[in-house]
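Worksheet: the structure to be examined is printed underneath.
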Amino acid sequence: MAKKLLLLLFIIVSPVLLAQEIERTKVAGKIHVPNGDDAEGINIYNVSSQKGTVTNPDGTFEIEIAENDRVQITALQYQSFTVVIDKGIITQKRMNIVMNPSINQLDEVVVRPYDLSGNINVDVKKIHTYTVNKDWDLSYENLEYGYQFEQDDKTRIAGNAAEEALHGNTLTNGANILGILSGAVSLLLPKKDKTTPAERLETGNTLNNNLQQRFSRNFIASTFDIPEEKAVDFLYFAQENGMEQRLLKPENEMELMEFLLKQSIEYKRRGE
Numbered sequence: 685m686a687k688k689l690l691l692l693l694f695i696i697v698s699p700v701l702l703a704q705e706i707e708r709t710k711v712a713g714k715i716h717v718p719n720g721d722d723a724e725g726i727n728i729y730n731v732s733s734q735k736g737t738v739t740n741p742d743g744t745f746e747i748e749i750a751e752n753d754r755v756q757i758t759a760l761q762y763q764s765f766t767v768v769i770d771k772g773i774i775t776q777k778r779m780n781i782v783m784n785p786s787i788n789q790l791d792e793v794v795v796r797p798y799d800l801s802g803n804i805n806v807d808v809k810k811i812h813t814y815t816v817n818k819d820w821d822l823s824y825e826n827l828e829y830g831y832q833f834e835q836d837d838k839t840r841i842a843g844n845a846a847e848e849a850l851h852g853n854t855l856t857n858g859a860n861i862l863g864i865l866s867g868a869v870s871l872l873l874p875k876k877d878k879t880t881p882a883e884r885l886e887t888g889n890t891l892n893n894n895l896q897q898r899f900s901r902n903f904i905a906s907t908f909d910i911p912e913e914k915a916v917d918f919l920y921f922a923q924e925n926g927m928e929q930r931l932l933k934p935e936n937e938m939e940l941m942e943f944l945l946k947q948s949i950e951y952k953r954r955g956e
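First residue of the sequence shown? That's 685 in my numbering, and the numbers climb one at a time after it.
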């Protein structure tokens with residue numbers, strides 16, 4: 685009971701603590717891309733401060749950051765990734781990011797600099813992009829009758845007995861047997877999560893932004909005995925270990941605080 689009263693007291697005084705501003709340092713950065721790729725127009729977004737910029741033609745940029753901020757890098761031709769700012773970048777006031785093409789694509793790439801030089805190497809999946817002729821008429825009529833497309837391995841072969849048996853001759857008394865079986869199986873099996881990695885990343889960023897707006901670094905430090913410079917990292921830790929959007933509802937305030945209390949114990953135990 686005493687613990688719940690203490691948590692309730694912290695909830696009441698938290699709005700006063702939220703007003704405190706984080707001091708950030710302006711650093712010069714540069715994105716290095718492989719030869720032949722365009723370094724201009726890459727989005728650099730500080731998730732923690734909710735401010736961003738874009739790169740110049742030579743890949744350079746400037747942005748204000750603080751230790752443990754998370755900076756999201758988004759380029760049209762590459763998989764998005766997030767850089768966790770460390771003390772070395774703040775001290776050097778420099779952030780050099782070298783993007784190396786990778787054949788593997790992960791749901792989310794989070795990079796923590798491993799030295800004090802401000803240099804960051806990241807392996808990211810290159811995304812193939814296509815340029816569509818703006819003069820093309822992509823209406824149904826033109827696609828069906830106006831353009832001539834050469835056949836390839838995806839083209840249906842007329843008179844293919846096996847293909848027709850699979851797709852064309854499956855009607856029995858007006859019923860598509862394969863379609864019925866497929867529908868029945870879909871009812872029995874659990875539905876797959878159809879959200880894309882980008883959508884999951886955006887949802888996660890929104891959740892963490894709400895947490896940061898709600899709990900200041902000072903509040904995290906005084907409530908959970910976690911250093912202020914690690915407060916944002918702790919909130920990400922809690923989010924990655926089962927934090928749910930529903931806990932942000934007013935009626936779940938006590939449950940949220942109890943969840944964060946348990947996560948703070950685990951966070952300190954791991955020595956994050």
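Just so it is clear, CB atoms sit at the ideal spot from N, CA and C, and this is done for glycine as well.
As the structure is a prediction and not an experimental result, all values here were calculated from the model.
- Excluding its 5 nearest sequence neighbours in each direction, H716 has C-beta neighbours in its own chain below 8 Å: A723, G743, N780, I781, V782 and M783, listed in chain order.
- Boundaries around N902 are those of the alpha helix (DSSP H), R901 to F908, since no beta strand (DSSP E) includes it.
- Separation of A759 and N902 (C-alpha to C-alpha, rounded to the nearest whole angstrom) is 34 Å.
- C-alpha of Q897 to C-alpha of E912: approximately 15 Å in a straight line.
- Under the three-state reduction of DSSP, G772 is assigned to helix.
- Within its own chain, the residues whose Cβ lies closer than 7 Å to the Cβ of E751, once the five positions on either side in sequence are excluded, are I769, D770, K771, I774 and E913, listed in chain order.
- CA-to-CA, the gap between Q923 and Y951 works out to about 12 Å.
- The shortest C-alpha to C-alpha distance from V711 to any of N740, V767, E748 and V916 is the one to E748.
- By the criterion of a C-beta distance shorter than 6 Å, L940 is surrounded in its chain by L931, once the five residues flanking it on both sides are discounted.
- With fewer than 16 other Cβ atoms inside 10 Å of its own Cβ, R954 counts as exposed.
- Under the DSSP assignment, K714 falls in the beta strand (DSSP E) whose first and last residues are T709 to H716.
- With fewer than 16 other Cβ atoms inside 10 Å of its own Cβ, N719 counts as exposed.
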